[in-house]
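Asker: Residue numbers (our numbering): 9 to 234.
1. Give me the Cα-Cα distance between residue 35 and residue 156, rounded to the nearest whole angstrom.
2. If you draw a straight line from the alpha carbon of residue 42 to that of residue 95, how long is it in whole angstroms?
3. Taking the straight line between their C-alpha atoms, what separation do you get for residue 56 and residue 31?
4. As an exercise, report each continuous beta strand (DSSP E) stretch of at least 3 residues that is fully enclosed by the stretch 121-149, in chain order.
5. For residue 151 versus residue 61, is the C-beta spacing smaller than 7 Å?
6. For residue 93, does the three-state DSSP call read helix, strand or coil?
7. Taking only three categories from DSSP, how would you classify residue 60?
8. Are the CB atoms of residue 46 and residue 58 within a distance shorter than 7 Å?
9. Measure the Cβ-Cβ separation of residue 141 and residue 100 and say whether it is below 7 Å.
10. Give every residue of the same chain whose Cβ lies closer than 8 Å to the Cβ of residue 38, excluding the five residues on either side of it in the sequence, and list them in chain order.
11. Count the other C-beta atoms from every protein chain shown that fall within 10 angstroms of the C-beta of residue 207, then say buried if there are 16 or more, exposed otherwise.
12. Using the Cβ count rule (16 or more neighbours within 10 Å means buried), how would you classify residue 146?
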């Protein structure tokens with residue numbers, strides 16, 4: 009995403025935020041309320057959990073590997089050391105279980121949950137609020153749909169299919185020694201074909217391998233040719 013606001017708007021559309029009624033509440037006991045909030049429908053967070061869209065931040069930190077990793081997370085530690093004077097979460101109350109799902113504010117929520125778990129509750133001088141809407145019974149499926157869709161910018165999914173090819177291109181482009189090694193390997197493989205009876209098809213393979221091999225091996229010298 010080009011900026012944070014674009015990501016927020018995309019996330020909001022997945023939960024049909026524009027068509028909902030929102031109310032802002034003040035959280036008076038953040039160390040109790042926030043850890044009990046459910047982790048939102050984002051792959052980066054839900055991939056840490058064995059069950060999707062049902063566990064809270066407190067439950068997430070009960071998993072040893074999550075506790076260890078998030079205890080070292082720079083964003084989380086930054087929040088714990090320098091909590092913002094005033095901050096607002098965005099969430100949705102699930103009518104099916106009467107629990108709040110965190111829509112925005114995961115690192116802040118993790119910071120509070122971690123501090124509480126460590127028995128060092130954050131001392132907050134400013135105001136913590138939350139903008140809430142309600143997910144009616146049956147609308148919890150929107151969370152599963154949002155998770156399945158992911159939070160990538162539309163159109164990026166197609167690029168992922170070709171990620172390996174693109175990574176190889178970039179790797180070779182930025183690694184001259186590797187490029188030369190690949191070129192030499194292609195040349196050698198091509199030469200091995202000469203010891204076998206050559207058919208028109210194998211001749212084409214030989215020429216192709218030699219061409220690519222020479223291109224990779226002498227890429228720096230022949231850069232302007234290709």
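In this text, a Cβ means the ideal position worked out from N, Cα and C, and glycines have one as well.
Answerer: Answer, in terms of the structure:
1. Looking at the two C-alpha atoms, the distance is approximately 31 Å.
2. Residue 42 and residue 95: Cα-Cα distance of roughly 13 Å.
3. So the two alpha carbons sit approximately 30 Å from each other.
4. As summarised for the stretch 121-149, the continuous beta strand (DSSP E) elements at least 3 residues long and confined to that stretch are 136-143, given in chain order.
5. Going by C-beta atoms, residue 151 is nearer than 7 Å to residue 61.
6. Correct three-state label for residue 93: coil.
7. Three-state result, residue 60: coil.
8. Residue 58 places its beta carbon 7 Å or farther from that of residue 46.
9. It is a contact, given that the beta carbons lie within the stated cut-off.
10. Same-chain partners within the cutoff: 120, 130, 132, 136.
11. Counting every other CB atom within 10 Å of its CB across the protein chains shown gives residue 207 a total below 16, marking it as exposed.
12. It is exposed - the Cβ of residue 146 has fewer than 16 other Cβ atoms within 10 Å.
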